[in-house]
Each structure stands twice: as C-alpha cells, then as structure tokens.
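If you read the sequences in order, they're chains Y and Z.
So the working numbering is basically just the index in the first sequence, starting at one, shifted up by 911.
So the working numbering is basically just the index in the second sequence, starting at one, shifted up by 911.
Protein chains: 2
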Amino acid sequence: MTLAAPDDFVAELRALAPRYWDSHPFHLRMHEGSLSKHELQAWAANRWYYQRCIAQKDAAILSNCPLPDVRRQWRERIIWHDGTQPGEGGAENWLRLAEAVGLTREEVLDERHVLPGTRFAVDAYVTFARTKPWVEAVASGLTEMFSGALMRKRLAALREQYPWIAEEGFAYFTSRIKAVAGEGKSTLDLVVEHCVTREQQEKAIAALSFKCDVLRAVLDAVDYYSGKGKP
Amino acid sequence: MTLAAPDDFVAELRALAPRYWDSHPFHLRMHEGSLSKHELQAWAANRWYYQRCIAQKDAAILSNCPLPDVRRQWRERIIWHDGTQPGEGGAENWLRLAEAVGLTREEVLDERHVLPGTRFAVDAYVTFARTKPWVEAVASGLTEMFSGALMRKRLAALREQYPWIAEEGFAYFTSRIKAVAGEGKSTLDLVVEHCVTREQQEKAIAALSFKCDVLRAVLDAVDYYSGKGKP
C-alpha cells in the first residue's frame, strides 16, 4: 500500500464529516427548538460525563508520546479543560451550562443521570487513548475540524429557541469556539507529519471514524431514553 | 487494620530513607571523587533514560486521576520536565550534563549506552504509574523527600572532585534543587489526604519502597558494568 499524499490523506479525513454528530437526530431537534427542558437536562448531564473524562484522555496521549515537542503542544488541552484554578476551565464551564438548564451541580457530579450507553462510549474513548499509539489517539481528536461550525450554529439556536437559558450558561461554547477556531489545523498537521506509512494513515482514518461513533453513541442513548426516564 | 494517624503514617514513609539511593556504592564513589570520566558518562547516559520517561510517567498519573485539583497540581511536573519550548526543561538540562561529561547528544538520544537493567527498571516505573491507582503512583514520587539533600551534596562534590565538568552542566541540579525545596511537602500532603484506609497507606509505603528499588536498580546496573563495557 502506498502512502497517500498529504492533501489526499486530509481529504480522506475530511470525508468523514457526514459521520460527525452534527447531523444526529437529537441535535437536529435541539437546533429546531423542539427539545423539552427535561431533554436538554438529560443531554447536559450525559455530555458532562464526556467533558469530565477529556483531560484524562489527553493525559493518556501525553503519557504515550515520547516527543517533547508534541507533549508541549498537547498539554495545552489539559490546561484548557482543567483551567488554572478551581472554578475555571472547560469542564467547569460545562457544569455552568448544566446549571443554566436547571440541573443542580450535585446531580451532575454524582452522575445519576448518566446512561449506561454514554458511560460505555466515553470509557471506550479513554481506553482507546490509553492503549493505542499516540498518533491514532491524536487523530481521534480531529472531530475538532468539524466542531467549530456546529458550536456556532448551536449557540445561535440555543439563544433563539431556548431564551430561558441564561447567557452565563454559554461560556463553554463561547470559549470553545475560540479554542477550535483553527478548525483542527494544528492537530491535522501533527497527524499528517507522524503518519508515515499507509497503514498509519488508515489507522488515523479509523480512529476519527471511531470517535464519531463515540459521540453518536452518547446522543443515541440520550435520544433513545428521551421521555422514557432512566433505563 | 486501623488507619495510622497522619504523623505516624508520615514517619513510616520517612523511615524508608535508608533505602534511597544516596547510600548506593556508586553514589558514594561519585561523591568521594573516584569515578572515571567513562563511569560518569555511563551514569549520565543511563540516568538519561530515567529522565526522558518522567514526563510520560507523570502524564500517566494525570490520566488516572479524576480530581481536577490534583491534576492542576501534578501537571506542573510535566511542564517542569518538558519546559515551555524546545531547549528548555529538566530533561534538556540533563542532556547538557551529559554533554558536559563528554558525551555527544546523539549517543545519549539513541540510547546506545542504556543498559538492559536500567531499561527494565525505568519501564517498570512507567508501567506502575499507568496501571496503579493514582495515589500510589503519587506516593512513589515521595523520594523527593530525600532528593534535595542528595543533590545539594552531589553538586558540591561534582564541582570539587571533577573540576573539568563545566558549570553549564549543572543546570539540572541547580534548578531541581529549587524545585524540590519543599522536600516533598505538597506530595506528602496529597498522599496523606487521599490514603483513607490502612490498606491504601500500606500500598503507599510499598510504592515508595518500589521506587527506591527502581532507582537503585539503575545504579546497580551502572555499577556492575563499570569498567566492563556493555553486556
């Protein structure tokens, strides 16, 4: 198998865009304004489990990476999620969103609303980062090529369709939109540089596909139990 | 089994001091000035393998730790070792020491002088951090309770006994002595706070003992092959 040229490899990665969760039925319902408050709460509480695991996922990548230059670049994600002091950072901002949709911090942190499907999917993602070569785990993060557009759309939709959500609740999105403004360019550069065989390129593509599965599985669970209560 | 009171638990940890590698025959010979240049080179090249794995070991601890407060504290170690840009940080400073004792950067980085005994010991340490509960892995770092005194002594001995080593070579020690000036206090506080059963306390003591074994095994290998060339 021949190594694909960088542009062709990048095109293969970008071709996974339709598998990103922006087109998931639950997101479509969210954006058109048809979710109940209870459904938004289920979404925020389940997605919290993903948010709380991200710093550990990124640390697993650091732990598997022998290259100081890459580690210096990647550790910024941990700092972004955990913040520089208690009450800061991406994870904390997600908690504020959960509160803005009417959950207490306690019921989010004790994970009582987290569905088994969410837990299995997110745990699989952390395990992937712990056990796969670092460049594959980095490639799984390439959903950030697609996330900026989704978050800009969502922020506008939430403000318009759910005016009862207080503006403080949107700090996660406003800061994350800035953080991913590069649309995954630096991550893409890393993946292109360090996938030096066709096999590695294919594993990177598979990793991004796997990550799309993880994200979709979270929404699948939330959507399936919408209006049904917990399993 | 009853949980030991904090002071008693700390005393048990401190009681491991005689197992720290300051009393290893190779260190004693180093400090009295009887190592050849070749022996100092073997030491620097083998210890490099330990230095280059430390950031990954610390990232493994982050990856296993679900507490953002602890992660914020612990990530500073990764930043210390990797520095803020290429050419900075603890690992880089160790490379400068290796150069100051007459090794080329290339022969250090390609690990040609790293003995199997060094590799097995250091790899075991990284595996320990990846697979054990984070508080045990943190406890294994409590050798920093003992390392300040050793490094102050060593720095004086190296300057006096091996005056041919250029002062630039000592940046690792001068910066590390500052970094461990707290003599492990913050690490000790973490371990005391998060070992809430006697079983966890005993595992923490065992972890520190294991770490002493790791460090000693590196010097055992270097000392055994002193003057013999590579196995």
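Positions of the beta carbon are idealized from the N, C-alpha and C atoms, including for glycine.
query                                                                                                                                                                                           : result
How many Å lie between residue 983 of chain Y and residue 977 of chain Y at the Cα?                                                                                                             : 11 Å
Would you kindly work out how many angstroms separate the C-alpha atoms of residue 950 of chain Z and residue 940 of chain Z, rounded to a whole number?                                        : 10 Å
In terms of residues, what are the limits of the alpha helix (DSSP H) holding residue 988 of chain Y?                                                                                           : 979-993
Check whether the stretch 1084-1098 of chain Z touches the stretch 1123-1131 of chain Y, counting contact only when three or more Cβ pairs, one atom from each stretch, lie closer than 8 Å.    : no
Give me the chain Z residues within the contact set of residue 973 of chain Y, using Cβ-Cβ distance strictly less than 8 Å, ordered along the chain.                                            : 966, 967, 970, 973, 974, 989
Is residue 1116 of chain Y closer than 8 Å to residue 924 of chain Y when the C-beta atoms are compared?                                                                                        : yes
Give the DSSP-derived three-state secondary structure of residue 949 of chain Y in the structure shown.                                                                                         : helix
List the residues of chain Y whose Cβ lies closer than 8 Å to the Cβ of residue 1002 of chain Z, in chain order.                                                                                : 979
Taking all protein chains shown into account, do 16 or more other C-beta atoms lie within 10 angstroms of the C-beta of residue 1075 of chain Z, making it buried, or fewer, making it exposed? : exposed
Give me the chain Z residues within the contact set of residue 997 of chain Y, using Cβ-Cβ distance strictly less than 7 Å, ordered along the chain.                                            : 980
Buried or exposed for residue 993 of chain Y, please, with buried defined as at least 16 other CB atoms from any protein chain shown within 10 angstroms of its CB.                             : buried
Between which two residues does the alpha helix (DSSP H) carrying residue 1026 of chain Z extend?                                                                                               : Here residue 1026 of chain Z belongs to no alpha helix (DSSP H), and DSSP marks it neither H nor E.
Is DSSP giving residue 973 of chain Y helix, strand or coil here?                                                                                                                               : helix
Can you tell me whether residue 1106 of chain Y is helix, strand or coil according to DSSP?                                                                                                     : coil
From the DSSP output, in three-state form, read off residue 929 of chain Y for me.                                                                                                              : helix
Tell me which same chain residues have a C-beta within less than 6 Å of the C-beta of residue 944 of chain Y, skipping the five on either side of it?                                           : 1072
Chain Y beta carbons: is any one of them nearer than 8 Å to that of residue 1034 of chain Z?                                                                                                    : no
Excluding the 5 residues flanking residue 1011 of chain Y on each side, which residues of the same chain have their C-beta closer than 8 Å to its C-beta?                                       : 1076, 1077, 1079, 1080, 1081
From Y/1139, Y/1136, Y/1138, Y/1096, pick the residue whose C-alpha is nearest to that of residue 917 of chain Y; which is it?                                                                  : Y/1096
Quick one: is residue 974 of chain Y buried, meaning 16 or more other Cβ sit within 10 Å of its Cβ, or exposed?                                                                                 : buried
Of all the CB atoms in chain Z, is at least one closer than 8 Å to the CB of residue 993 of chain Y?                                                                                            : yes
Counting only C-beta atoms, is residue 958 of chain Z closer than 8 Å to chain Y at any point?                                                                                                  : no
What is the rounded straight-line gap between the Cα of residue 957 of chain Y and the Cα of residue 1017 of chain Y?                                                                           : 14 Å
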